[in-house]
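Visitor: Structure below; questions to follow.
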Amino acid sequence: MATQPLCVCEHCDAVYRRRALARREIARCLRCGAELYRDQRYDLNAMLALTLAALIVFVIANVYPIVRIEVQGVASEATLWGAIMATWNSGVGVVAALAAATVFFFPLGQIALFLHVLPALRRGRVPVHFSDAMHALRLVQPWSMVEVFLLGALVSVVKLAGLAEVIPGIGLWAFGILTLLLTTLTGFDLRRLWEIADGARR
Amino acid sequence: MTEQDDISRDAELPEPELATPGRWSVSLVWLVPLVAALVGLVLVVRAYLQAGPSITITFDTAEGIEPGKTEVKYKDVVVGKVSSAELEANHEFVIVHVDLSKEAASLAVEDSRFWVVRPRVDMGGVSGLGTLLSGAYIGVDVGQSDKARTEFEGLEVPPAVTNDQQGKRFQLRSSDLGSLDIGSPVYYRRIPVGRVVGFDLNPDGRNVTIQVFVDHPYDRFVTNRSRFWNASGVDVSVSTGGVRVNTQSLATVLVGGVAFQSLPGDDPGEMADMDAAFPLFSDQNSALAPPDGDQLKLRMRFFQSVRGLAVGAPVDFQGIEIGTVSGIELEYDRDKKQFAALIDATVYPQRLGRAYRGLRDGVVDHDHGDEQPINADRQVFTDMVNQGLRAQMRTGNLISGQLYIALAFEAKAKPMMVAADDGQPLEVPTSLASFDQIQQQVADIVDRLDEIPFRDIGRDLSDTVRSARDLLRQIDGEVTPELRRLLEDVRATVNAANQSLAQPDAPLQQNLTETLDELDRAARSMRSLTDYLQRHPESLIRGKANDPDPTDNFPNE
Numbered sequence: 001m002a003t004q005p006l007c008v009c010e011h012c013d014a015v016y017r018r019r020a021l022a023r024r025e026i027a028r029c030l031r032c033g034a035e036l037y038r039d040q041r042y043d044l045n046a047m048l049a050l051t052l053a054a055l056i057v058f059v060i061a062n063v064y065p066i067v068r069i070e071v072q073g074v075a076s077e078a079t080l081w082g083a084i085m086a087t088w089n090s091g092v093g094v095v096a097a098l099a100a101a102t103v104f105f106f107p108l109g110q111i112a113l114f115l116h117v118l119p120a121l122r123r124g125r126v127p128v129h130f131s132d133a134m135h136a137l138r139l140v141q142p143w144s145m146v147e148v149f150l151l152g153a154l155v156s157v158v159k160l161a162g163l164a165e166v167i168p169g170i171g172l173w174a175f176g177i178l179t180l181l182l183t184t185l186t187g188f189d190l191r192r193l194w195e196i197a198d199g200a201r202r
Numbered sequence: 001m002t003e004q005d006d007i008s009r010d011a012e013l014p015e016p017e018l019a020t021p022g023r024w025s026v027s028l029v030w031l032v033p034l035v036a037a038l039v040g041l042v043l044v045v046r047a048y049l050q051a052g053p054s055i056t057i058t059f060d061t062a063e064g065i066e067p068g069k070t071e072v073k074y075k076d077v078v079v080g081k082v083s084s085a086e087l088e089a090n091h092e093f094v095i096v097h098v099d100l101s102k103e104a105a106s107l108a109v110e111d112s113r114f115w116v117v118r119p120r121v122d123m124g125g126v127s128g129l130g131t132l133l134s135g136a137y138i139g140v141d142v143g144q145s146d147k148a149r150t151e152f153e154g155l156e157v158p159p160a161v162t163n164d165q166q167g168k169r170f171q172l173r174s175s176d177l178g179s180l181d182i183g184s185p186v187y188y189r190r191i192p193v194g195r196v197v198g199f200d201l202n203p204d205g206r207n208v209t210i211q212v213f214v215d216h217p218y219d220r221f222v223t224n225r226s227r228f229w230n231a232s233g234v235d236v237s238v239s240t241g242g243v244r245v246n247t248q249s250l251a252t253v254l255v256g257g258v259a260f261q262s263l264p265g266d267d268p269g270e271m272a273d274m275d276a277a278f279p280l281f282s283d284q285n286s287a288l289a290p291p292d293g294d295q296l297k298l299r300m301r302f303f304q305s306v307r308g309l310a311v312g313a314p315v316d317f318q319g320i321e322i323g324t325v326s327g328i329e330l331e332y333d334r335d336k337k338q339f340a341a342l343i344d345a346t347v348y349p350q351r352l353g354r355a356y357r358g359l360r361d362g363v364v365d366h367d368h369g370d371e372q373p374i375n376a377d378r379q380v381f382t383d384m385v386n387q388g389l390r391a392q393m394r395t396g397n398l399i400s401g402q403l404y405i406a407l408a409f410e411a412k413a414k415p416m417m418v419a420a421d422d423g424q425p426l427e428v429p430t431s432l433a434s435f436d437q438i439q440q441q442v443a444d445i446v447d448r449l450d451e452i453p454f455r456d457i458g459r460d461l462s463d464t465v466r467s468a469r470d471l472l473r474q475i476d477g478e479v480t481p482e483l484r485r486l487l488e489d490v491r492a493t494v495n496a497a498n499q500s501l502a503q504p505d506a507p508l509q510q511n512l513t514e515t516l517d518e519l520d521r522a523a524r525s526m527r528s529l530t531d532y533l534q535r536h537p538e539s540l541i542r543g544k545a546n547d548p549d550p551t552d553n554f555p556n557e
């Protein structure tokens with residue numbers, strides 16, 4: 001086994017000998033009871049499930065309008081891409097490109113890469129271009145800023161509420177959920193995927 | 001270093017506690033994508049279920065229409081949205097694609113109408129001001145048909161009446177449109193109760209059919225006895241009653257209008273049906289005149305100038321206008337070798353009212369009874385002509401010189417037979433009106449005066465005067481001096497006579513006085529004698545006795 005035989009508790013620095021786990025087993029620190037590690041297959045399952053959920057929510061978030069504003073009978077709905085196009089048309093192309101990248105392309109890339117890597121690993125095989133995909137995933141993750149976008153949108157909605165009638169759209173809720181899902185996905189340690197891949201190669 | 005060594009070296013290290021969570025926790029994490037998928041599915045299904053039919057509407061222009069933004073509103077409720085707008089292949093129209101919502105699916109039926117609501121200013125007022133802020137939207141008038149339809153032609157102007165408006169539509173027949181237009185108001189007792197919603201030229205091109213819409217609840221005032229008239233503009237009438245200006249409202253002066261009212265009388269009649277047809281009268285007076293009934297054509301020949309008589313001039317019987325002049329023609333009468341004015345008139349005998357009905361009943365009774373009404377009318381007029389009915393051309397207005405035709409009985413009329421009914425208008429003999437008679441008499445007098453040879457008379461007179469002047473001159477030159485001399489002689493004579501007569505001591509005077517004295521004396525003697533002879537008649541025989549004492553005379557006297 002190529003994995004480190006030792007394991008240190010993140011919380012109380014107690015050192016343990018790493019040992020193989022049965023299915024769905026969780027290793028816990030004896031001293032403080034914190035989780036040390038758990039059965040890897042379980043992680044893959046969770047990640048895949050969340051990634052799939054994130055994909056669905058991502059589609060919803062991009063299809064449905066984020067917000068609907070009504071002023072004196074003038075109604076205006078904005079989708080993410082509508083907003084990006086409006087930003088582009090108003091002359092600030094850099095901002096539009098940045099928004100498109102951080103809110104659309106990088107999250108989409110993240111989800112796509114996970115979807116490429118995870119199902120194969122789960123079946124115990126190493127996907128093609130595994131190392132490239134993992135490098136790309138590492139590069140992409142910090143640039144995925146759906147949560148920033150969500151914060152910005154929420155602030156705008158709150159500020160606009162005084163001027164106009166603002167109705168949060170399905171897209172806004174979807175972005176909220178997407179933020180949670182992507183945050184959870186980002187929270188996974190990519191190193192463990194390497195470990196799983198090593199195990200699979202063996 | 002082998003694996004075994006590692007294990008042995010780390011043998012003193014404790015092993016972590018191992019626990020196996022329940023099996024159910026595996027499936028728990030998969031709930032997340034499941035829920036997400038479910039939500040997505042619900043959204044998709046809802047979108048599918050909410051999607052109504054897609055329709056296309058053609059407009060002349062897509063002004064104000066913005067794909068993805070412009071809404072379709074019915075009663076101000078959003079029922080759809082423009083998804084795209086494109087140019088038609090021939091570049092003539094704009095094709096607008098509209099996605100209707102599910103609830104509005106019933107809007108896409110055969111007789112639905114669509115138009116773009118924009119701010120509009122016309123004679124009827126300002127509309128669509130709200131769209132200044134909200135932008136244009138597409139208005140719908142939902143049809144009542146249940147046949148589905150997906151392609152529509154958009155209206156360029158909003159319909160004057162939408163299907164959801166309560167009220168009734170009526171047809172008006174008129175010879176021309178006048179100043180009416182779509183949207184012109186309809187008045188009932190000067191209250192605007194509806195509007196003109198359309199007009200068509202009849203296929204034969206002779207008449208115009210005007211559609212009006214009367215709103216609920218005023219539509220119940222439209223009865224089968226209602227009369228519609230054109231209230232457009234200002235109606236100024238100058239008559240013997242003075243000058244009358246009549247208009248429904250100031251707005252009708254600008255945009256025209258139609259007014260209606262039931263015929264005066266207790267019976268308002270029954271409510272008119274939808275799409276009932278009415279004649280459109282030109283003014284209120286003709287509209288509210290008693291019903292005309294059948295018409296009868298009359299023809300008159302006037303051998304005089306018809307200046308002042310116009311088509312449309314009234315035909316009057318005993319002061320009641322029973323018809324109008326319908327045609328004026330000139331005709332040459334070969335026999336009389338003069339021109340005659342051929343006047344055609346249309347009269348409505350029913351306007352004579354009760355009197356006429358009596359007459360007509362009489363005619364119908366002693367006829368076969370199944371007589372055609374028009375013939376009965378003709379018969380009545382024929383009888384009246386036989387009784388001396390004559391047409392006269394009279395002056396209606398001395399200032400304007402307008403003439404009218406008066407039908408009147410003439411006591412001295414010669415009996416005149418009227419031609420039988422041969423399809424031609426009934427010919428009514430004419431006579432000169434009193435005014436014309438005076439004119440005729442004056443003309444006669446003038447003719448007579450014309451016959452007097454004023455020129456000859458003048459010449460003669462002139463000769464006479466000339467000779468008189470000669471005579472006078474002669475008299476002046478010859479006679480006058482003689483005459484003066486004569487006069488002087490006469491005066492001298494008179495003076496002489498005066499002298500001889502007037503002077504008291506003139507010998508003639510003296511002689512005369514003496515003579516008179518003598519005469520007096522003689523007369524006295526004569527009297528004494530007669531007295532004496534009276535008293536003493538015997539003295540004639542015996543002679544005079546002695547003079548008695550004068551005193552004796554007295555007792556006998």
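Chains as they are written, first to last, in full-length UniProt numbering: chain A, 1 to 202; chain B, 1 to 557. For every residue, glycine included, the Cβ atom is placed at its ideal position computed from N, Cα and C.
By DSSP, does serine 528(B) sit in helix, in strand, or in coil?
Guide: It is helical.
Visitor: I'd like to know if the segment 45-64 of chain B and the segment 73-92 of chain B are in contact, where contact means that at least 3 CB-CB pairs between them fall below 8 Å.
Guide: Between the segment 45-64 of chain B and the segment 73-92 of chain B, the count of C-beta pairs closer than 8 Å reaches three or more; the two stretches touch.
Visitor: Taking 9 Å as the CB-CB cut-off, is glutamate 195(A) touching chain B?
Guide: no
Visitor: Would you call the CB atoms of isoleucine 65(B) and valine 94(B) closer than 9 Å?
Guide: yes
Visitor: Round the Cβ separation of aspartate 316(B) and alanine 443(B) to the nearest angstrom and send it over; I've been treating them as touching at under 8 Å.
Guide: No, aspartate 316(B) and alanine 443(B) are not in contact; Cβ-Cβ is about 26 Å, not under 8 Å.
Visitor: So, helix, strand or coil for threonine 162(B), using DSSP?
Guide: coil
Visitor: Applying a beta-carbon distance threshold of less than 7 Å, which residues of chain A neighbour valine 32(B)?
Guide: Think of a sphere of 7 Å around the beta carbon of valine 32(B): the chain A residues whose beta carbon falls inside it are Ala49, Leu50 and Ala53, in chain order.
Visitor: Report the rounded CA-to-CA distance for leucine 540(B) versus serine 525(B), giving the unit in angstroms.
Guide: 16 Å
Visitor: Taking the CB atoms as reference points, tell me whether residue 209(A) and glutamate 77(A) lie closer together than 9 Å.
Guide: Outside the displayed span of chain A (1 to 202) sits residue 209(A), for which this structure offers no information.
Visitor: Anything in chain B within Cβ reach of valine 59(A), meaning under 9 Å, just list it in chain order.
Guide: Simply Gly40.
Visitor: Need the endpoints of the alpha helix (DSSP H) that residue 600(B) sits in, please.
Guide: Nothing can be reported for residue 600(B), as the shown portion of chain B is limited to 1 through 557.
Visitor: Suppose you measure from the CA of alanine 197(A) to the CA of valine 128(A); what does that come to, to the nearest Å?
Guide: 11 Å
Visitor: Since glycine 82(A) is in the alpha helix (DSSP H), which residue starts that stretch and which ends it?
Guide: 80-89
Visitor: Can you pull the chain B neighbours of glutamate 10(A), defined as C-beta to C-beta under 9 Å?
Guide: Under the 9 Å cutoff, chain B gives no residues; its nearest Cβ is about 13 Å from glutamate 10(A).
Visitor: Between which two residues does the alpha helix (DSSP H) harbouring tryptophan 194(A) extend?
Guide: 190-201
Visitor: Check each residue of the segment 68-82 of chain B: if its Cβ is closer than 7 Å to any Cβ of chain A, include it; give the result in chain order.
Guide: none
Visitor: Listed from N- to C-terminal order along the chain, which residues in the segment 152-168 of chain A have their beta-carbon within a distance smaller than 8 Å of any beta-carbon of chain B?
Guide: none
Visitor: Does arginine 19(A) come within less than 9 Å of chain B when only Cβ atoms are used?
Guide: Yes, because at least one Cβ of chain B sits closer than 9 Å to the Cβ of arginine 19(A).
Visitor: Residue range of the beta strand (DSSP E) that leucine 100(B) falls in?
Guide: Residues 94-101.
Visitor: Mapping the DSSP letters down to three states, classify threonine 61(B) as helix, strand or coil.
Guide: coil
Visitor: Would you call glycine 369(B) buried or exposed, if buried means 16 or more other Cβ atoms sit within 10 Å of its Cβ?
Guide: The pLDDT assigned to glycine 369(B) is 48, lower than 50, so where the model puts this residue is not dependable; a value taken from the coordinates is nonetheless given after this. Exposed, by the Cβ-count rule.
Visitor: To the nearest angstrom, report how far apart leucine 52(A) and leucine 115(A) are at their CA atoms.
Guide: 8 Å
Visitor: To the nearest angstrom, report how far apart proline 119(B) and arginine 190(B) are at their CA atoms.
Guide: 28 Å
Visitor: With distances taken Cα to Cα, identify the nearest neighbour of leucine 426(B) among Gln379(B), Lys75(B), Leu100(B) and Pro53(B).
Guide: Gln379(B)
Visitor: Can you pull the DSSP bridge partners for isoleucine 69(A)?
Guide: Per DSSP, Ser76(A) and Val166(A).
Visitor: Taking the alpha-carbon of glycine 169(A) as reference, which of Asn62(A), Cys9(A) and Val15(A) has the nearest alpha-carbon?
Guide: Ranking Asn62(A), Cys9(A) and Val15(A) by Cα distance to glycine 169(A) puts Asn62(A) first.
Visitor: Could you work out which residues of chain A lie near proline 14(B), taking near to mean beta carbons separated by less than 7 Å?
Guide: Tyr16 and Leu30
Visitor: Starting from proline 481(B) and walking both ways along the alpha helix (DSSP H), at which residues does that stretch end?
Guide: 480-502
Visitor: Could you check how far apart the C-beta atoms of valine 197(B) and arginine 173(B) are, in whole angstroms? I think they sit under 8 Å.
Guide: Not really, about 16 Å apart at Cβ, beyond 8 Å.
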